[in-house]
Amino acid sequence: MEKELSISATVSDVVNCLRKMCDVIHANKEYLTELDSAIGDADHGTNMDRGFQAIAKKLSAPVDNDIGGILKMCGMTLVTTVGGASGPLYGTAFLQAGTALAGKQELEPGDLLVAGEAALKGVLMRGKAILGDKTMVDALTPAIAALEEALATGAKAAEALEKASIAAETGMTGTIPIQARKGRASYLGERSIGHQDPGATSSFLLIRTMAETAREIGF
Amino acid sequence: MEKELSISATVSDVVNCLRKMCDVIHANKEYLTELDSAIGDADHGTNMDRGFQAIAKKLSAPVDNDIGGILKMCGMTLVTTVGGASGPLYGTAFLQAGTALAGKQELEPGDLLVAGEAALKGVLMRGKAILGDKTMVDALTPAIAALEEALATGAKAAEALEKASIAAETGMTGTIPIQARKGRASYLGERSIGHQDPGATSSFLLIRTMAETAREIGF
Amino acid sequence: MKKLINKPEDAVKEELEGMALAYPSMIKVSLEPKFVYRADAPVQGKVALISGGGSGHEPMHGGFVGKGMLDAACAGEVFTSPTPDQMLEAAKKVNGGAGILYIVKNYTGDVMNFEMAADMARLENMVVQNILIDDDVAVKDSLWTAGRRGVGATVIAEKITGAGAEKGYDLTKVADLCRKVNASGRSMGLALTSCTVPAAGKPTFELGDDEIEMGIGIHGEPGRTRMKIKSADELTEILALSIIEDGDYSRIVHEWDEKKGDWVDVTLVNEALKQGDQVIAFVNGMGGTPNIELQIIYRKLHEVCEKKGLKIIRNLVGSYITSLEMQGCSITLVRADQEMIELWDAPVMTPGLRWGI
Amino acid sequence: MKKLINKPEDAVKEELEGMALAYPSMIKVSLEPKFVYRADAPVQGKVALISGGGSGHEPMHGGFVGKGMLDAACAGEVFTSPTPDQMLEAAKKVNGGAGILYIVKNYTGDVMNFEMAADMARLENMVVQNILIDDDVAVKDSLWTAGRRGVGATVIAEKITGAGAEKGYDLTKVADLCRKVNASGRSMGLALTSCTVPAAGKPTFELGDDEIEMGIGIHGEPGRTRMKIKSADELTEILALSIIEDGDYSRIVHEWDEKKGDWVDVTLVNEALKQGDQVIAFVNGMGGTPNIELQIIYRKLHEVCEKKGLKIIRNLVGSYITSLEMQGCSITLVRADQEMIELWDAPVMTPGLRWGI
Ligand SMILES: Nc1ncnc2c1ncn2[C@@H]1O[C@H](COP(=O)(O)OP(=O)(O)O)[C@@H](O)[C@H]1O
Ligand SMILES: Nc1ncnc2c1ncn2[C@@H]1O[C@H](COP(=O)(O)OP(=O)(O)O)[C@@H](O)[C@H]1O
Ligand SMILES: [Mg+2]
Ligand SMILES: [Mg+2]
Ligand SMILES: [Mg+2]
Ligand SMILES: [Mg+2]
Chain A
18 MEKELSISAT VSDVVNCLRK MCDVIHANKE YLTELDSAIG DADHGTNMDR GFQAIAKKLS
78 APVDNDIGGI LKMCGMTLVT TVGGASGPLY GTAFLQAGTA LAGKQELEPG DLLVAGEAAL
138 KGVLMRGKAI LGDKTMVDAL TPAIAALEEA LATGAKAAEA LEKASIAAET GMTGTIPIQA
198 RKGRASYLGE RSIGHQDPGA TSSFLLIRTM AETAREIGF
Chain B
18 MEKELSISAT VSDVVNCLRK MCDVIHANKE YLTELDSAIG DADHGTNMDR GFQAIAKKLS
78 APVDNDIGGI LKMCGMTLVT TVGGASGPLY GTAFLQAGTA LAGKQELEPG DLLVAGEAAL
138 KGVLMRGKAI LGDKTMVDAL TPAIAALEEA LATGAKAAEA LEKASIAAET GMTGTIPIQA
198 RKGRASYLGE RSIGHQDPGA TSSFLLIRTM AETAREIGF
Chain C
2 MKKLINKPED AVKEELEGMA LAYPSMIKVS LEPKFVYRAD APVQGKVALI SGGGSGHEPM
62 HGGFVGKGML DAACAGEVFT SPTPDQMLEA AKKVNGGAGI LYIVKNYTGD VMNFEMAADM
122 ARLENMVVQN ILIDDDVAVK DSLWTAGRRG VGATVIAEKI TGAGAEKGYD LTKVADLCRK
182 VNASGRSMGL ALTSCTVPAA GKPTFELGDD EIEMGIGIHG EPGRTRMKIK SADELTEILA
242 LSIIEDGDYS RIVHEWDEKK GDWVDVTLVN EALKQGDQVI AFVNGMGGTP NIELQIIYRK
302 LHEVCEKKGL KIIRNLVGSY ITSLEMQGCS ITLVRADQEM IELWDAPVMT PGLRWGI
Chain D
2 MKKLINKPED AVKEELEGMA LAYPSMIKVS LEPKFVYRAD APVQGKVALI SGGGSGHEPM
62 HGGFVGKGML DAACAGEVFT SPTPDQMLEA AKKVNGGAGI LYIVKNYTGD VMNFEMAADM
122 ARLENMVVQN ILIDDDVAVK DSLWTAGRRG VGATVIAEKI TGAGAEKGYD LTKVADLCRK
182 VNASGRSMGL ALTSCTVPAA GKPTFELGDD EIEMGIGIHG EPGRTRMKIK SADELTEILA
242 LSIIEDGDYS RIVHEWDEKK GDWVDVTLVN EALKQGDQVI AFVNGMGGTP NIELQIIYRK
302 LHEVCEKKGL KIIRNLVGSY ITSLEMQGCS ITLVRADQEM IELWDAPVMT PGLRWGI
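Chains as they are written, first to last, in my numbering: chain A, 18 to 236; chain B, 18 to 236; chain C, 2 to 358; chain D, 2 to 358.
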């Protein structure tokens, strides 16, 4: 089967995508920390990079032929290396996504939604934020909604993820004018207005990376 | 006796002179501290001003009709308010000068030399510095020598003090190119070179004030 | 950035190595995962107190491990909550069979990580309770925020509950005591300068030459307002009055219900300080504040308390819960009853706090 | 200048007032003239230990007054030696009839003021000895300088001689002990930033973003050399090796000869540290240095000592002799024999140093 015609993603596609996520986070380390300096404690980039570099290291060894297992491994790695608020949140997201895809060796486009919904549910359960609290939820929620909508109209994975990425970006920039109600930025009260949420930004970066990978592999 | 013809200085002349010293030190407080920042601990101006303001306060009450006693009172005030290196040194200088002039109600020009020599001896005894160590001694020593020389050739007090003031100034600027061997500046080793000694500067300021007062009162 | 460190990413590890070398009679150190624990752990039959949080607040928490205070402290990266695996391993190491109390400062990251750790420890058959410290009155409400931050009262809570545990209190009693100290404690802080997170390499915020941040946390996060600097007396008054005039504070917290076997939402109320109260007064330096300034603040705090009818019965003045090299201070007042005073006075022997031994 | 003070000229007075309020069980305070003294002074039959110096080095010296350490401490203005009248009044207040030991850091001002004070105290029939502390190896020779400065060894000397006096040593024995601690001690420090003297209102010196001052004193005076910053390990090595490789140090000091009834010049020699020595290791913060950095330094110091055959038998890590808010550190090593170790371990109860009580 040629890549162009592929309608499923393999284990190595997923690993590839995860590796790219590691690179993207690494490249945006300073940027994310910068955002966190303004309304937080200047560590979001360092936190995320520590976690994703640990993932990258694990991915350099051979992995199981189980996409769910790989995602769970990523989740555990994030939980045990990131710390802060983003560690348990992203860790839970990956753990839940992994659980949802347990045993899978290939992904259909629909699996993306299953995993995405599970991940978002994990974040909401763990962090108890709602839409508009100025957190990563503000990027993740519209992204999953866009993914669902696109897939429902029969879009290809890449296309649906592209829509999700655009929605995440809109959600991310949408955090700028609002006041934080969760996380460290909430302590600033009105002073949090005018700044983009770091976690929403890292969420967008991860989703955009998925969309790009999907496009590249013709998923 | 008219002022122009005066060849002696009265108690009130001395008190006047001391008051002017207080003003001069006050006016040069920042400058002296600035000099001390470069090669010391940034307090010489504050120290001197604390002491001379205490003297000014004492001089605002009526004083004994005894120049020696007044100088001793100044010495005790400096000893108990200035602290640091300059406190005991200037304190001793005034105490010794006061002892040398004990009971005097008027000063002849020659008394200046007696007092000056006693003061210098006190400083040398207390601080054990020698000429060229980059201390107040470098201003005081040539000043007393010039005073002696001028008086020996029959100069008036004002004239002799003017010579002393010029010699003190030369001594003071002479501390710039040399390396400190006493006091806090000595810790800097060669880095003390190129800076003017704060204590030599305050000594010059005090002597210049005496010269000015003498000129004004025609002493 | 000028700091006496080697590589930013090694700072916490090397700090712990230094502590292990400096205080072998009081503490031991685990590096993988990172935590500090009592040299004589586990103390059989004693409730084990574990705290932890981001590094950069030293001596808290690692410096409070030892006889009469904490059994273990988990060190996260600078200003970053530690991870559940650290907390779990610490629990295993110091578990003396009488249960584990996790003392958790109320920050989203700390709360979530300690909750995960507690769930994991329960899977290993430990009895665990998490108690939150949330004493920072700079955070006004809990509806529009993540709730009040845990700051100065943490130090007081760790001392007093440590003494309670040492005395043989059971887990319920230690947890109640910790809740009580927290319910009686209020704090507020300010910053004259920012700190610099080593990995970030530059100050978290910039302040003008005559500006301060009022209502600062302990992570270099900006405060609630930026204002012109005032005299020590005026600033002390602002901090003290914010604490003293703060009303009752009610909020919902997540606690484990051992009977139900589940997390439940509990409404807790901290009662306002009132005239006639006896308090432990704590003037804290943020890391870069000289002692002389803390004493000047204590002097004024004493006066304000007196005027407001509060009697300072015990005090602590020094830099105990810090933000790296930040200049600034915080004030904590904790209403203290006889039990709390006795436990405060009980012997303690840790790297950061010591008396009676 | 941003500081938590009111008026610069009131800072020391208000600090002392704060201390009096904070530690009534340990100390009392005289404001006219300014000194801190033991709450239970005079202790009859005990040699009275008095130190003092400029303020801005807190907790030294006022924070070291109390059982097992100093009887009194005279506080000068910031960085300015106190005056003889303070020292005399302090002596009168704490004189227990067994003599007075003035512990004097070797700075021109301190030396002269304490000498005058001793002369005045003798006029009032007290038996007084002045012992100098001069441990700073950054000052190379004593011919071209005012001699080595008294820095970190002061803290160790005050603790150990305090314990000796508490134990009942007579004046000669306490003086000998103090001389011994000093002769066995060596220190060196560095600064990352300047401090700001309150009355001066701006930093004493300016340093570039990547510069440090090596061989700094404790008064914000510039060091011997300015250099590029290096890693904590490298800087620790420079400080430690400067101390360890420093040879015998001989100089003439002024001491009172009780028999002769006059000051005499005495030649004293500090013997270099050598392999096999046991040492008390003291890593000191300059006031604005976070704890985390001090532990990182201690870690490396331990390694260097081990490599050089020195055994660290006791240690002290913290900010005990400071320069206001200066960032930086100093290292002190003191060769310790059994007597010194036992006296080090003896109980001490002061605002700044406490154990065993
Ligand atoms: N309760 C929450 N629910 C969802 N996301 C949250 C919550 N609290 C914080 N976040 C996210 O975490 C991000 C901060 O992560 P990070 O800086 O790594 O942790 P910390 O705040 O502990 O320093 C925020 O920008 C926000 O997007
Ligand atoms: N041994 C000494 N003999 C004479 N003058 C000295 C001696 N040591 C220091 N000085 C003078 O004292 C001045 C410093 O005074 P000051 O700054 O008030 O005291 P400190 O050095 O204790 O801070 C020096 O500039 C120097 O002129
Ligand atoms: Mg953060
Ligand atoms: Mg000076
Ligand atoms: Mg953080
Ligand atoms: Mg001085």
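Here a beta-carbon is modelled for each residue, glycine too, at the ideal position from N, C-alpha and C.
Short CB-CB distance (under 9 Å) between residue i and chain D
i: B/N45; result: no
i: B/L164; result: no
i: C/K4; result: yes
i: C/M215; result: no
i: B/I210; result: no
i: C/S320; result: yes
i: B/K101; result: Just to set this straight, residue 101 of chain B is Gly in the shown sequence, not Lys. Cβ-Cβ to chain D under 9 Å: yes for B/G101.
i: B/I84; result: no
Minimum Cβ-Cβ distance from residue i to chain C less than 9 Å
i: D/C75; result: no
i: A/P105; result: yes
i: D/A12; result: yes
i: A/G92; result: no
i: A/G149; result: no
i: A/V154; result: no
i: D/D210; result: yes
i: A/Q196; result: yes
i: A/V131; result: no
i: A/G253; result: Only positions 18 to 236 of chain A appear in this structure, which leaves residue 253 of chain A out of reach.
Within-9 Å CB hit, residue i to chain A
i: C/K308; result: no
i: C/V198; result: yes
Chain-ordered neighbours of residue i on chain C, where CB pairs are closer than 8 Å
i: A/S219; result: What A/S219 touches in chain C: nothing, since even the nearest Cβ is about 14 Å away.
Beta-carbon neighbours of residue i, restricted to chain A and to distances below 9 Å
i: C/F36; result: Result: empty, since nearest Cβ-Cβ is about 13 Å, beyond 9 Å.
i: C/V140; result: S203, Y204 and G206
9 Å Cβ cut-off: residues of chain C touching residue i
i: A/V96; result: T84, P85, D86, N114 and M117
Bridge partners - residue i, DSSP secondary structure assignment
i: D/G105; result: At residue 105 of chain D the sequence reads Val, which differs from the Gly that was named. D/V105 pairs with D/L133.
i: C/W264; result: C/W257
i: A/N45; result: Answer is none; A/N45 lacks a bridge partner.
i: C/W366; result: For residue 366 of chain C there is no data in the structure shown, the boundaries of chain C being 2 and 358.
i: D/A74; result: D/V37 and D/S52
i: A/A26; result: A/L124
i: C/A282; result: C/N316 and C/L334
Per-residue contacts from residue i into chain D (C-beta, under 8 Å)
i: B/N64; result: E78 and T81
i: C/D234; result: N7
Proximal residues of chain D, C-beta to C-beta of residue i below 9 Å
i: B/A114; result: None at all; the shortest Cβ gap to chain D is about 17 Å.
i: B/K199; result: T109, T146 and A147
7 Å Cβ cut-off: residues of chain C touching residue i
i: A/T50; result: A201
i: A/A59; result: V198, A201, T205 and G221
Proximal residues of chain D, C-beta to C-beta of residue i below 7 Å
i: C/E18; result: R300
**Item:** Residues, ordered as in the chain, of the region 45-68 of chain C that lie near chain A by beta-carbon distance below 7 Å
**Value:** none
Check: Got a sec: which bits of the region 221-232 of chain C sit with their beta carbon under 7 Å from any beta carbon on chain D, in order along the chain?
Finding: I230 and S232
| Hey, is the region 20-29 of chain C in contact with the region 39-51 of chain C, meaning 3+ C-beta pairs nearer than 8 Å? | In the pairwise beta carbon analysis, the region 20-29 of chain C is classified as touching the region 39-51 of chain C: at least three pairs are separated by under 8 Å.
Would you check if there are 3 or more beta carbon pairs closer than 8 Å linking the region 319-336 of chain C to the region 292-305 of chain C?
yes
When the Cβ atoms of the region 63-83 of chain A are set against those of the region 71-88 of chain C, are three or more pairs found closer than 8 Å? Touching, yes, given that three or more Cβ pairs across the two stretches are closer than 8 Å.
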